[in-house]
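Enquirer: Under our numbering, the first residue of the sequence shown is numbered 45, with each subsequent residue one higher.
Got a structure for you, written out below as structure tokens; questions coming shortly.
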Amino acid sequence: MRNFKFYTLSLLLVSVLFLSLSSCKKCKLEGENVDGGVINSEVAVYPDHGYITQDLAGPITHIHGNSPVADKFDMSTDNGFTRSPVNYSQYSIMAFPLTLNCNHFLNREVKVDDLNGTVTYNITVTQCKDAQCSQQRYIENYVVIPAIPESYAVLGTVKYVEQ
């Protein structure tokens, strides 16, 4: 009888311990990346190497035909099967680099105001409050938009939603 109580109590304690450890709240993000505004999702841009934006001034960059890094990009309209130099008479590239947790999704939107000569790149980042990875990720957030004049002022915001 004493052994039965001991085993029953031991089983109960192990069960409580298991439930308390397995019931930790884990972040599970549900959603996907969304692009809006004038972003052309039919055209993909491919930089020839990473961290190009670290050499540029400003947090948000408008890359056009006269940009010092203009020749560092290729474009594709068929998911990368064929690549060609970016046609800057038809397209501009916007970059908004961020350092994010490994588990995230983005809502990116670019608006062009021709009347006021501005382009605005806004990003909403949804990510886990507590990073579940050992390192954060540097993401340059390149998007392709219709060509805009070099003179346009570049604006933008980033909003973080943590779950």
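Yeah, the Cβ is synthetic: ideal placement off N, Cα and C, and Gly gets one too.
In angstroms with no decimal places, state the Cα-to-Cα distance between Ala89 and Asn77.
Expert: The question names Ala, yet the displayed sequence has Val at residue 89. The alpha-carbon atoms of Val89 and Asn77 are separated by roughly 16 Å.
Enquirer: Give a yes or no on whether the C-beta atoms belonging to Met119 and Tyr95 are separated by under 8 Å.
Expert: Contact flag unset, no.
Enquirer: Confirm, please, whether the CB-CB distance from Ser85 to Asp79 is below 8 Å.
Expert: Yes.
Enquirer: Does the distance from the CB of Ala191 to the CB of Ser133 come in under 8 Å?
Expert: Cβ atoms of Ala191 and Ser133: closer than 8 Å.
Enquirer: With the cut-off set at 8 Å, would you say Pro141 and Thr97 are in Cβ contact?
Expert: For Pro141 and Thr97, yes; Cβs fall inside 8 Å.
Enquirer: Any contact of the stretch 169 to 186 with the stretch 198 to 206, i.e. 3+ C-beta pairs under 8 Å?
Expert: The stretch 169 to 186 is in contact with the stretch 198 to 206.
Enquirer: Along the chain, which unbroken stretches of the beta strand (DSSP E) at least 3 residues long are found entirely within the stretch 132 to 200?
Expert: Listed in chain order, the complete beta strand (DSSP E) runs (minimum 3 residues) inside the stretch 132 to 200 are 135 to 139, 142 to 144, 148 to 157, 162 to 171, 181 to 183, 187 to 190.
Enquirer: Assuming Val154 contacts Ile189 under a Cβ cut-off of 8 Å, what Cβ separation, rounded to an integer in Å, is found between them?
Expert: Between Ile189 and Val154 the Cβ distance is about 5 Å, and since that is below 8 Å, they are a contact.
Enquirer: Reducing DSSP to helix, strand and coil, say where Ala101 ends up.
Expert: Reduced to three states, the DSSP call for Ala101 is coil.
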